[in-house]
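One structure is given here, and the rest of the page talks about it.
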Amino acid sequence: CAGPEVLVTWSVPCEESSVMRIGQLAVLCTLVVTVYTLYHLQWGHRVRYSKSHGWVDGTRDNSSCHNVLMFNRVPKTGSEMLVLLLQWLEGYNNYKHVRLKNTVARRLSPMDEDMLVKDVQKYQEMYPGMALSFDRHFYFVEFSKYGSEMPCYINMIRDPVEKVISRFYYHHIGKSMDRIRYRTIEDCLRLSGSECTFRAGETYELTIPYFCGQHYECSVLNSRWALETAKINVEKYFTVVGVLEDLNSTLQVLEHYIPAYFKGVQNMYYNELLEPFHNKNRKKPVVSEVSRRQLHENLTLEYEFYAFIRRRLRNQLENIGPSAPE
16 CAGPEVLVTW
26 SVPCEESSVM
36 RIGQLAVLCT
46 LVVTVYTLYH
56 LQWGHRVRYS
66 KSHGWVDGTR
76 DNSSCHNVLM
86 FNRVPKTGSE
96 MLVLLLQWLE
106 GYNNYKHVRL
116 KNTVARRLSP
126 MDEDMLVKDV
136 QKYQEMYPGM
146 ALSFDRHFYF
156 VEFSKYGSEM
166 PCYINMIRDP
176 VEKVISRFYY
186 HHIGKSMDRI
196 RYRTIEDCLR
206 LSGSECTFRA
216 GETYELTIPY
226 FCGQHYECSV
236 LNSRWALETA
246 KINVEKYFTV
256 VGVLEDLNST
266 LQVLEHYIPA
276 YFKGVQNMYY
286 NELLEPFHNK
296 NRKKPVVSEV
306 SRRQLHENLT
316 LEYEFYAFIR
326 RRLRNQLENI
336 GPSAPE
């Protein structure tokens, strides 16, 4: 026969129970934040592709590209060529291109940001009802923070190592040898010069800040936060980010997604700008593969961003379909 039932109970001290509840709550909060962050990064700013609207997954609605186009140029990426095309196309597409005055500082104070917004508004008042395009070197600015409508952003990037090499030799053009510290980028790397040495955690004017913004962390090398913020801003605000190494695709995507400004750009480039447009520094010597690898190792997240932009551009090109202009 069955023996007597034995009721077993567990006694947990109040202090231990409170600690357990706090721990469970912390885990739950962490889970909620993680899920929200993943949603925000992966889906929060995506726009599904629609043949009727010309949108593509991962690309902002281009309907605002009929009013104000903003090209916050990344230096040494072929941006002068794109500015020239914008200037040539302004009469053909009936818009006004304005070259805003550059400053040495690319990172703007709140006052500088406000002045930039007011400059754009000034030109809108000067040319009422007319589409406008602007270019200037500056880190991304969220115009809506200053009570203004967000412009349609575009930009160009290039291979990070090629950009560093191009900038290094650009700054040495026309300078006598007694006025420069390093004759070649190999010399610069060997002597750990500031122009070619990049250390994680320190701030630099590279590509990511032009999409991340004015926050100090945006300029910190290999900051994961800066990279993810830049990617979010690209998804939300940049209709097209071109790639110098993929120039043909860039022009095709620009003409398709922003025809109000770039209709005819491919014909203009290939037939009237006498492609290829050469803006090469002929004094730039060949850089060894060893030096290239050394630079590459220190620009890990810059390359991750570069790969992200190339994938995005490729997706845009694929979604244009067979009707894309040749």
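Going by our numbering, the first residue of the sequence shown is number 16, and it counts up by one from there. We treat Cβ as the ideally placed atom computed from N, Cα and C, and that holds for glycine. Remember, it's a predicted structure, so these values are computed and weren't measured experimentally.
- Per DSSP, the beta-bridge partners of residue 172 are 258.
- Residue state for residue 314 is assigned as coil, using DSSP reduced to three classes.
- Annotation for residue 91: no beta strand (DSSP E) segment contains it, and DSSP assigns it neither H nor E.
- Listed in chain order, the beta strand (DSSP E) elements of length 3 or more contained wholly in the segment 147 to 172 are 167 to 172.
- When only Cα atoms are considered, residue 126 and residue 231 end up about 16 Å apart.
- In the DSSP secondary-structure assignment, residue 84 is bridged to 148, 167.
- Burial state of residue 331 is buried, judged by a 10 Å Cβ sphere holding 16 or more other Cβ atoms.
- Residues 171, 265 of the same chain have their beta carbon placed closer than 6 Å to that of residue 257, with the five preceding and five following residues left out of the count.
- Here DSSP, grouped into helix, strand and coil, assigns residue 285 to helix.
- Per DSSP, reduced to three states, the secondary structure at residue 218 is strand.
- When DSSP states are grouped into helix, strand and coil, residue 121 belongs to the coil group.
- Residue 234 holds the alpha-carbon nearest to the alpha-carbon of residue 155 among 81, 275, 234.
- By the Cβ rule, the segment 263 to 282 does not count as touching the segment 132 to 143, because fewer than three pairs are nearer than 8 Å.
- Separation of residue 286 and residue 207 (C-alpha to C-alpha, rounded to the nearest whole angstrom) is 45 Å.
- Shown here, residue 113 sits in a strand according to DSSP, grouped into three states.
- Secondary structure note for residue 248: its alpha helix (DSSP H) is the uninterrupted segment 239 to 252.
- The alpha-carbon of residue 217 is positioned some 11 Å away from that of residue 209.
- Here the segment 159 to 176 makes contact with the segment 93 to 102; the two share three or more CB pairs at distances below 8 Å.
- Of the candidates 240, 310, 304, 310 places its Cα closest to the Cα of residue 212.
- Sorting 185, 128, 168 by C-alpha distance to the C-alpha of residue 162 places 128 at the top.
- Residue pairing of residue 235 in beta bridges, as defined by DSSP: 218.
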